[in-house]
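Numbering (the working numbering), first residue to last: 2 to 327.
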């Protein structure tokens, strides 16, 4: 069918553009993920969306298309904690693996997923490899108390291709938000998501509410979903889409600022081992983040989910136990 008629609506300029509804958005992104459109159309879609910005309804439709095409992991015994990791280390070490391992120590199954976005930065996958946690090569069930890393291409090759467009045109596209909102499992899940710019705090919160997701949302550390080790960020919780503020932000530095390692994988892994072995104290903000995630896991199971509406025409209905669609 093609997506040119959608691009025509999206690319009318800042004042003339018209948002798509959820079903249209699902159809558009489904064609992009399936690889049935030209590279020129994909580039036009990415630029049009970068200029216009995504509405929560559009993001919900994009998620419908993504979830319908994911290679989903089998349901876990306890709720699966999902940690997207796509930015890596810049000025600070990437401590998303520390967050994952602290959660696993509490008996939870934890999935990190991601892919390199810049070759010069240390990724969570690099740190996990240095910690002897290899990347998955096939879809499998994650046991309680285990951390696993799934490359984006294993979960959805089309999403990997869309993320890679940034290397060509130099601009983010909806895929960069999608990966922070998607749920790759088939059972109960708790998502940990983050934003960098304040405007995304609003749009991501509205999308989490619209899709009925159970999640922790915070301002990330250089784009990662782990709390800043130097200060306490605001953390908002969502239980089946119902929002509450779990943690008020602290603008000043924490009383005890941890002595952080260099950003390379070996140094970061050594620091994480020292924290896990009790030779170093974990950053207070990450400890608090773990506590809030544990509470969300409990609340997710205790509070009933609202009834699910059918998925838009042309997309697969989500598995009811995932509670990902409002």
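Note that beta-carbon positions come from the ideal geometry of N, C-alpha and C, so glycine has one too. The structure displayed is predicted, hence computed values, not measured ones.
Query, Result
"What ranges does the alpha helix (DSSP H) occupy inside the stretch 250 to 307, keeping only unbroken runs of at least 4 residues that lie completely in it?", "266 to 277, 285 to 303"
"In the structure shown, what three-state DSSP assignment does residue 107 receive?", "coil"
"Roughly how many whole angstroms lie between the Cα atoms of residue 168 and residue 196?", "21 Å"
"Are the stretch 25 to 32 and the stretch 135 to 145 touching, with three or more C-beta to C-beta distances below 8 Å?", "no"
"Under 8 Å: do the stretch 79 to 99 and the stretch 261 to 271 share three or more Cβ pairs, one atom per stretch?", "yes"
"Between which two residues does the alpha helix (DSSP H) carrying residue 67 extend?", "57 to 70"
"By DSSP's criteria, residue 186 is part of a beta bridge. Which residues make up the other side?", "74"
"Here's the rule I'm using: 16 or more other beta-carbon atoms within 10 Å means buried, otherwise exposed. How should residue 72 be labelled?", "exposed"
"Taking only the alpha-carbon atoms, compute the straight-line gap between residue 107 and residue 161 and give it to the nearest angstrom.", "31 Å"
"Can we say the stretch 178 to 187 touches the stretch 61 to 68, given the rule of at least three CB pairs closer than 8 Å?", "yes"
"Assuming residue 235 and residue 252 form a contact by the criterion Cβ under 8 Å, report the distance between their Cβ atoms to the nearest whole angstrom.", "No, residue 235 and residue 252 are not in contact; Cβ-Cβ is about 10 Å, not under 8 Å."
"DSSP puts residue 236 in a beta bridge; with which residues?", "219, 248"
"Check each candidate in 203, 224, 51 and name the one with the smallest Cα separation from residue 172.", "51"
"If you follow the alpha helix (DSSP H) that residue 175 is part of, which residue opens it and which one closes it?", "175 to 179"
"Give the DSSP-derived three-state secondary structure of residue 85 in the structure shown.", "strand"
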